[in-house]
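Participant:
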Amino acid sequence: MASLKQILIEEIQATPPDLIPKIYKIFHFLKDEFSEELPSSEKRGSVKGIWKDSLIDDSLYEEAKKSLFPYEKN
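As structure tokens, this is what we get:
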């Protein structure tokens with residue numbers, strides 16, 4: 000039986016070349032999300048709360064989210 004790593008490699012090899020950059024971004028994001036390592040000082044911290052008491056139009060938020068995370072579905 001093939002290892003999961005080998006199966007992933009085979010899937011990647013069968014992926015059309017124009018999709019590889021998107022697959023890489025998703026893989027990199029997931030790897031970072033599931034990493035148990037402490038974030039390095041080079042990584043960006045949270046910006047939660049940076050716009051305290053500011054009113055942000057939800058359409059601007061949704062537009063920004065779509066441009067940053069085009070692979071996510073609503």
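As numbered in numbering that gives the first Met the number 0, the sequence shown has no gaps in its residue numbers, which increase by one up to the final residue, 73.
No residue lacks a Cβ here, since even glycine has one placed at the ideal position from N, Cα and C.
#1: What is the rounded straight-line gap between the Cα of P16 and the Cα of H27?
#2: Please work out which residues of its chain come closer than 7 Å, Cβ to Cβ, to K65, disregarding the five sequence neighbours upstream and downstream, and give them in chain order.
#3: Going by CA-CA distance only, name the one from L54, I19, I25 and D31 that's closest to P69.
#4: Just the Cα atoms here: how many angstroms apart are I19 and D31?
#5: Between I22 and the rest of its own chain, which residues show a CB-CB distance below 8 Å, the 5 nearest in sequence each way excluded?
Facilitator: According to the structure data:
#1: As a first step, residue 16 is located in the sequence shown; it is residue number 17 there, counting from the start. As a first step, residue 27 is located in the sequence shown; it is residue number 28 there, counting from the start. In this structure, the CA atom of P16 is about 17 Å from the CA atom of H27.
#2: As a working mapping, residue 65 is identified with position 66 in the sequence shown. Excluding five sequence positions before and after K65, none of the CB atoms of its chain fall closer than 7 Å to its own CB.
#3: Your numbering for residue 69 matches position 70 in the sequence shown. The candidate whose alpha carbon is nearest that of P69 is I25.
#4: Residue 19 sits at position 20 when you count from the first residue of the sequence shown. Residue 31 sits at position 32 when you count from the first residue of the sequence shown. In this structure, the alpha-carbon of I19 lies about 18 Å from that of D31.
#5: Walking along the sequence shown from the start, residue 22 turns up at place 23. Counting only Cβ-Cβ distances below 8 Å, and skipping sequence neighbours, we find I11 and T14.
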